[in-house]
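Participant: Can you keep this structure in mind? I'll have questions shortly.
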Amino acid sequence: MKNMEMVLLSLLLIAVFGSTGKVAGENTNEEVMCIPMGNILLEPPEAVKAKKSPVDFPHSRHFVYDCKICHHQWEGDTQIQNCTTSACHDLEKSPTRFGKGKSNRELNLKYYKTAYHNLCIGCHKEMKMKNKQLEKSQVKLKTKLPATGPTGCIKCHPKQ
Ligand code: HEC
Ligand code: HEC
Ligand code: HEC
Numbered sequence: 002m003k004n005m006e007m008v009l010l011s012l013l014l015i016a017v018f019g020s021t022g023k024v025a026g027e028n029t030n031e032e033v034m035c036i037p038m039g040n041i042l043l044e045p046p047e048a049v050k051a052k053k054s055p056v057d058f059p060h061s062r063h064f065v066y067d068c069k070i071c072h073h074q075w076e077g078d079t080q081i082q083n084c085t086t087s088a089c090h091d092l093e094k095s096p097t098r099f100g101k102g103k104s105n106r107e108l109n110l111k112y113y114k115t116a117y118h119n120l121c122i123g124c125h126k127e128m129k130m131k132n133k134q135l136e137k138s139q140v141k142l143k144t145k146l147p148a149t150g151p152t153g154c155i156k157c158h159p160k161q
C-alpha cells in the first residue's frame, strides 16, 4: 500500500503545483529567459571576415561553473545579453595603440576576440597548470585529474 500512497501523493502535488504554476504564468508579466542547452556556435560579428572556423562551444558542459564567471554583468533578475552587445565587447578590431595604463587593458578587452580568448583559454590554461602541479607533487591521487578544456587553436577552430 505504501507505493500506492506515494503515487497518489505525487499526483496531488502535480495537480496543486502544476495548476498554480499555470495561473501565475497567465496573470503576470514575468519575463522568460531561454537558456541554450547543448552547444552554441560562436562566430565573429558580421562585419568581421573570419580567418578561423567558428567555435562549437559546449555551453551546458560549463554549467558546473557559476553563470557569472562568464555572464559577469548579469544581475540574476535580468535577461542575459550577448557578449558583443553594444558597450560590452563590441570592438570588431584590435585597438592599435597599446599602453601600460588600465584604460588600455580595458580598451583591449572591448575587442571581442581578446575577451573570448582571455576568458576561454585563460580558464583552460589555468586548469592545465593546476593539473601539472598535482602531477608533479608527490601526492597520490585517489581520482583521475579533472578534464580541462582545449588550449590549442585547432581544438577550438577546427580546420575547415
Ligand atoms: C564558460 C562560460 C559560460 C558559462 C559558465 C555560462 N555561459 Fe551562458 N553563454 C556563454 C556564451 C559564450 C554565450 C553566447 C553569448 C553570445 O552569443 O554573445 C552564452 C549564452 C547564454 C544565453 C543566451 C544569451 C542570448 O544571446 O540571448 C543564456 C540565456 C545563457 N548563456 C545563460 C546561462 C546560464 C543561466 C548559465 C549558468 C547556469 C550560463 N549561461 C553559464 C558562456 C557561458
Ligand atoms: C571557468 C573555466 C572555464 C571557462 C571560463 C571556459 N571553459 Fe571550456 N571547459 C572547461 C572545462 C573544465 C572543460 C572540460 C569539461 C568536460 O570535459 O566535461 C571545458 C571544455 C571545453 C570544450 C570541450 C572540449 C572537448 O573535449 O570536447 C570546449 C570546446 C570549450 N571548453 C570551449 C570553451 C569556450 C569557447 C569558452 C569561452 C566562451 C570556454 N570554454 C570557457 C572550463 C572552462
Ligand atoms: C578555448 C577556445 C579557443 C582557443 C583555444 C582559441 N580560440 Fe580563437 N576564438 C575563440 C572564440 C570563442 C572566438 C570568438 C568567436 C569567433 O570569432 O570565432 C575566437 C576568435 C578568434 C579570431 C577572430 C575571428 C576570426 O575568425 O578571424 C581569431 C583570428 C582567432 N580566434 C585565432 C586563434 C588562434 C590563432 C588560436 C591559437 C593560438 C586560437 N584562436 C585559440 C576561441 C578559441
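When we follow the working numbering, the leftmost residue of the sequence shown carries the number 2, and every step to the right adds one.
Beta carbons: idealized from backbone N, C-alpha and C, even for Gly.
As the structure is a prediction and not an experimental result, all values here were calculated from the model.
#1: Which residue wins for smallest C-alpha separation from HIS63, given the options LYS160, PRO159, HIS125?
#2: So does the stretch 81–95 actually touch the stretch 39–56, counting three or more Cβ pairs closer than 8 Å?
#3: Can ILE122 be considered in contact with ligand 3, in the sense that its beta carbon sits closer than 6 Å to one or more heavy atoms?
#4: Three-state secondary structure (DSSP) at GLY22?
#5: Please work out which residues of its chain come closer than 6 Å, Cβ to Cβ, to LYS160, disregarding the five sequence neighbours upstream and downstream, and give them in chain order.
#6: Does at least one heavy atom of ligand 1 sit under 6 Å from the Cβ of HIS63?
#7: Considering only the alpha carbon of each residue, which of ASN40, ILE70, LYS50, TRP75 lies closest to MET34?
#8: Could you tell me if the beta carbon of GLY153 falls within a distance shorter than 6 Å of some heavy atom in ligand 2?
Facilitator: Considering the structure as presented:
#1: HIS125
#2: yes
#3: yes
#4: Residue placement at GLY22 is poorly supported in this model, since its pLDDT is 42, which falls under 50; the coordinates are not used for a value here.
#5: none
#6: yes
#7: TRP75
#8: no
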